[in-house]
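Student: Under numbering that gives the first Met the number 0, think of the first position of the sequence shown as 0, with each following residue one higher. All C-beta atoms, glycine included, are put in the ideal place defined by N, C-alpha and C. None of the values given here were measured: they were computed from a predicted structure. First, the structure itself, so that you have it in front of you.
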Amino acid sequence: MKAVVMSAAGTPDVLEVRDVPMPKVENNADVLVRLHAAGVNPIDTKLRSRGNFYPDRSPAILGCDGAGVVEAVGSGVQQFKPGDEVYFCKGGLGGPRGNYAEYAVVEEWSLAKKPASLSFAEAAAAPLVLITAWESLYDRAQLQAGQRVLIHAGAGGVGHVAIQLARLQGAEVATTVGSPEKAEFVRQLGATVPILYKERDFVEAVMEWTGGEGVDVAFDTVGDDTFFKTAPAVKVYGDLVTILEPKPEFGSLKTARLRNLRISLELMLTPMMEGLLDAQRDQAKILSQCARLFDENRLQIQLSHTFPLEEAAAAHRLLETGSMTGKIALTMG
Numbered sequence: 000m001k002a003v004v005m006s007a008a009g010t011p012d013v014l015e016v017r018d019v020p021m022p023k024v025e026n027n028a029d030v031l032v033r034l035h036a037a038g039v040n041p042i043d044t045k046l047r048s049r050g051n052f053y054p055d056r057s058p059a060i061l062g063c064d065g066a067g068v069v070e071a072v073g074s075g076v077q078q079f080k081p082g083d084e085v086y087f088c089k090g091g092l093g094g095p096r097g098n099y100a101e102y103a104v105v106e107e108w109s110l111a112k113k114p115a116s117l118s119f120a121e122a123a124a125a126p127l128v129l130i131t132a133w134e135s136l137y138d139r140a141q142l143q144a145g146q147r148v149l150i151h152a153g154a155g156g157v158g159h160v161a162i163q164l165a166r167l168q169g170a171e172v173a174t175t176v177g178s179p180e181k182a183e184f185v186r187q188l189g190a191t192v193p194i195l196y197k198e199r200d201f202v203e204a205v206m207e208w209t210g211g212e213g214v215d216v217a218f219d220t221v222g223d224d225t226f227f228k229t230a231p232a233v234k235v236y237g238d239l240v241t242i243l244e245p246k247p248e249f250g251s252l253k254t255a256r257l258r259n260l261r262i263s264l265e266l267m268l269t270p271m272m273e274g275l276l277d278a279q280r281d282q283a284k285i286l287s288q289c290a291r292l293f294d295e296n297r298l299q300i301q302l303s304h305t306f307p308l309e310e311a312a313a314a315h316r317l318l319e320t321g322s323m324t325g326k327i328a329l330t331m332g
């Protein structure tokens with residue numbers, strides 16, 4: 000089968016299209032999926048530029064997100080059969096198991112039925128950002144109806160999904176964006192207060208919106224100094240969730256401590272990296288619930304660009320320019 004592989008870390012040019020052995024059903028829980036599309040995420044570009052998590056398993060196929068049709072199943076598989084359309088987040092962290100390829104083998108517990116209302120490319124763009132936003136808002140921050148939440152980079156991959164999930168929970172949303180066009184986009188998703196962060200201090204805007212109290216929950220998808228600058232925008236005893244590692248060279252936790260903030264870290268890859276099967280099943284359940292929301296027209300994914308599998312390097316270059324609206328996917332023809 001054709002796959003995009005990397006043998007060393009570097010620029011997008013290290014991504015090469017090669018013929019590689021097709022994966023096979025080897026275990027009872029294995030499901031062979033003929034991939035129609037793969038999502039492209041920032042984790043992919045980071046692994047490509049810095050090196051993957053398993054450097055001894057080279058060459059590696061990137062791509063955590065996939066969507067396709069079941070081709071074959073192991074003897075113990077009960078929930079899926081050949082012909083089923085599925086989507087998932089599994090693989091792509093190093094070695095031969097990734098989704099920049101024509102086929103992938105995925106364990107049954109990581110799969111969910113693809114939303115019928117989405118194309119394969121749209122479905123492939125969704126899993127990682129859906130699980131990240133869901134776990135951050137619902138599990139880490141325990142967001143409640145009537146609360147106010149600040150979401151950074153609301154027009155981005157995680158951000159645009161997080162706005163919708165917050166609104167579905169009955170929360171009000173303020174979000175930072177980089178342009179008037181993105182401000183209009185997030186309004187359409189349900190954001191009450193788009194903040195053009197290049198023109199106005201977001202803490203000032205939040206305090207004006209909340210009458211000087213601060214938001215109940217802040218969700219940081221940007222990291223670096225943005226994480227530390229967000230603390231004054233959160234109410235005393237509020238929640239601050241980040242998907243990036245807080246690094247001391249960018250700031251201090253003094254304000255967060257004074258405000259008694261509950262700080263949570265979110266990495267949706269942990270169940271995969273640590274081999275936590277129950278947690279992987281829980282994430283598949285999130286995808287199943289989101290599939291229902293998609294098909295009820297209560298949730299949408301913004302797919303901004305698609306590239307043929309062979310143009311994975313171009314997809315990486317586009318993603319690394321920053322300021323993306325929505326998501327990118329690769330298609331397999």
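Considering only DSSP beta bridges, list what I262 is partnered with.
Tutor: DSSP lists L239 as partners of I262.
Student: Measuring alpha carbon to alpha carbon, tell me which of Q299, G94 and E295 ends up nearest G189.
Tutor: Cα-wise, what sits closest to G189 is Q299.
Student: Could you tell me whether the Cβ atoms of M331 and H151 are closer together than 8 Å?
Tutor: Against a cut-off of 8 Å, the Cβ pair of H151 and M331 comes out as no contact.
Student: By how many angstroms is the C-alpha of P22 removed from the C-alpha of V69?
Tutor: Rounded to the nearest angstrom, the two C-alpha atoms are 13 Å apart.
Student: Check whether the segment 43-60 touches the segment 121-131, counting contact only when three or more Cβ pairs, one atom from each stretch, lie closer than 8 Å.
Tutor: The answer is no - the segment 121-131 does not touch the segment 43-60, with fewer than three Cβ pairs under 8 Å.
Student: With C-beta atoms as the reference, is V3 less than 8 Å away from I60?
Tutor: Contact flag set, yes.
Student: For the beta strand (DSSP E) that contains L92, what are its first and last residues?
Tutor: Run containing L92: none; DSSP gives neither H nor E here.
Student: Could you tell me which residues DSSP pairs with K18 in its beta bridges?
Tutor: A small fix is needed here, since residue 18 is Asp in this sequence, not Lys. DSSP lists K1 as partners of D18.
Student: If we call anything under 8 Å between Cβ atoms a contact, is L127 one with V30?
Tutor: Not in contact: L127 and V30 (Cβ atoms no closer than 8 Å).
Student: Does the distance from the C-beta atom of A144 to that of Q168 stay below 8 Å?
Tutor: In this structure, Q168 lies closer than 8 Å to A144 by Cβ.
Student: Do you know how far the Cα of M0 is from the Cα of Y236?
Tutor: Cα-Cα distance, rounded: 53 Å.
Student: Please tell me whether R33 and E101 are closer than 8 Å, where the distance is taken between their beta carbons.
Tutor: Yes, the pair counts as a contact, with Cβ atoms nearer than the cut-off.
Student: What would DSSP say about P58, mapped onto helix, strand or coil?
Tutor: Here P58 sits in coil by DSSP.
Student: So what's L117 in DSSP terms, helix, strand or just coil?
Tutor: Three-state DSSP puts L117 in coil, outside helix and strand.
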